[in-house]
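Chains as they are written, first to last, in our numbering: chain E, 1 to 122; chain F, 1001 to 1163. Ideal placement from N, C-alpha and C gives every residue a C-beta, glycine not left out.
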């Protein structure tokens, strides 16, 4: 799951790949439409589509004599889930900060500028 | 090593604490205080350095305790540099986090912006975290998911009871 999110981040990390993803967000497209919209050379676009395909972001479906590229939702879900886990980590950490602040309030000597509360043992 | 990655999302948090802004500032900048709240449950913070001035270093190592089972002893360092420091009002730092021993594949780069604002009731803390890059093959599980949602929810529950 999270390795998938990492692959997704990496695939999206290249500006032109990101442009392709943004273009496909509006709907499936054949490669020549992508070439035209982005003003890139076809081999370049094909290379990017291959990377996007390997990361599972994009799939291709043959229609007549063309391959139509479309976005797949799952990798984006993986990013969202990973981001949520990061969010949860920070939420827990900020809760913990609140707990510490409350405990400092109860410790003697912390309200008069004393700067050496006991440090935790390892 | 790192692929440039457009930020997938900027995470923002806002909390109000019933504590004076000076105390909250110390909780962020005094290593002895910072290490007391930084690590998630079942972790310790064996190393913590904070040099809160522009260009100064922030370095925190979180280590899994025996309670984390197979992850026991795993270390997650974070190392960064302060880019903005306005005492009791604002702290910003750019940092990298990784799983020790797997730096090449687990590194995440992130920009963090903390602001503190004194109010009648205490201090409003806002935090913006922007993930700017991740290791190309990052096993991100190591960073956020391994301690598990349940552990974090339990800890939250404990804190709520403590209130």
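Can you pull the chain E neighbours of residue i, defined as C-beta to C-beta under 8 Å?
i                      : result
residue 1015 (chain F) : 94, 97, 98
residue 1027 (chain F) : 97, 100, 101, 104
By the criterion of Cβ-Cβ separation under 7 Å, what are the contact partners of residue i in chain F?
i                     : result
residue 105 (chain E) : 1019
residue 87 (chain E)  : 1011
State the beta-bridge partners of residue i as determined by DSSP.
i                      : result
residue 1112 (chain F) : F:1093, F:1129
residue 1015 (chain F) : F:1125
residue 1078 (chain F) : F:1060, F:1097
residue 100 (chain E)  : The partner list for residue 100 (chain E) (beta bridge, DSSP) is empty, contrary to what the question assumes.
residue 71 (chain E)   : E:58
residue 1118 (chain F) : F:1123
residue 1047 (chain F) : F:1061
residue 1010 (chain F) : F:1130
residue 1086 (chain F) : F:1090
residue 29 (chain E)   : E:69
State yes or no: is the beta carbon of residue i nearer than 8 Å to at least one beta carbon in chain E?
i                      : result
residue 1024 (chain F) : yes
residue 1033 (chain F) : yes
residue 1136 (chain F) : Confidence in residue 1136 (chain F) is poor, its pLDDT being 47 and thus under 50, which makes the residue's placement unreliable; the coordinate value appears in the next sentence. It does: the Cβ of residue 1136 (chain F) has a partner Cβ on chain E nearer than 8 Å.
Compare the C-beta of residue i against all C-beta atoms of chain F and say whether one is closer than 8 Å.
i                     : result
residue 101 (chain E) : yes
residue 19 (chain E)  : no
residue 115 (chain E) : The predicted model places residue 115 (chain E) with a pLDDT of 47, which falls under 50 and marks its position as unreliable; any figure quoted below should be read in that light. Chain F contact via Cβ: present.
Would you mind telling me which residues of chain E sit closer than 9 Å to residue i, beta carbon to beta carbon, in chain order?
i                      : result
residue 1127 (chain F) : 90, 94
Mapping DSSP to helix, strand and coil, what is residue i?
i                      : result
residue 1031 (chain F) : helix
residue 62 (chain E)   : strand
residue 1138 (chain F) : Annotation note: pLDDT 46 at residue 1138 (chain F) (below 50); position unreliable, coordinate value reported separately. Coil, per DSSP.
residue 106 (chain E)  : helix
residue 43 (chain E)   : helix
residue 1 (chain E)    : Because residue 1 (chain E) carries a pLDDT of 36, less than 50, the predicted location of this residue cannot be relied on, and the following value inherits that uncertainty. Three-state DSSP puts residue 1 (chain E) in coil, outside helix and strand.
residue 14 (chain E)   : coil
residue 1053 (chain F) : coil
residue 1041 (chain F) : coil
residue 22 (chain E)   : helix
residue 8 (chain E)    : helix
residue 1102 (chain F) : coil
residue 1023 (chain F) : helix
residue 1069 (chain F) : helix
Report yes if the C-beta of residue i is less than 7 Å from at least one heavy atom of the ligand NAP; otherwise report no.
i                      : result
residue 1100 (chain F) : Ligands displayed in this structure: none; no statement on the ligand NAP is therefore possible.
Spell out whether any CB of chain A is found under 8 Å from the CB atom of residue i.
i                      : result
residue 1057 (chain F) : Chain labels in this structure do not include chain A; the protein chains are E and F.
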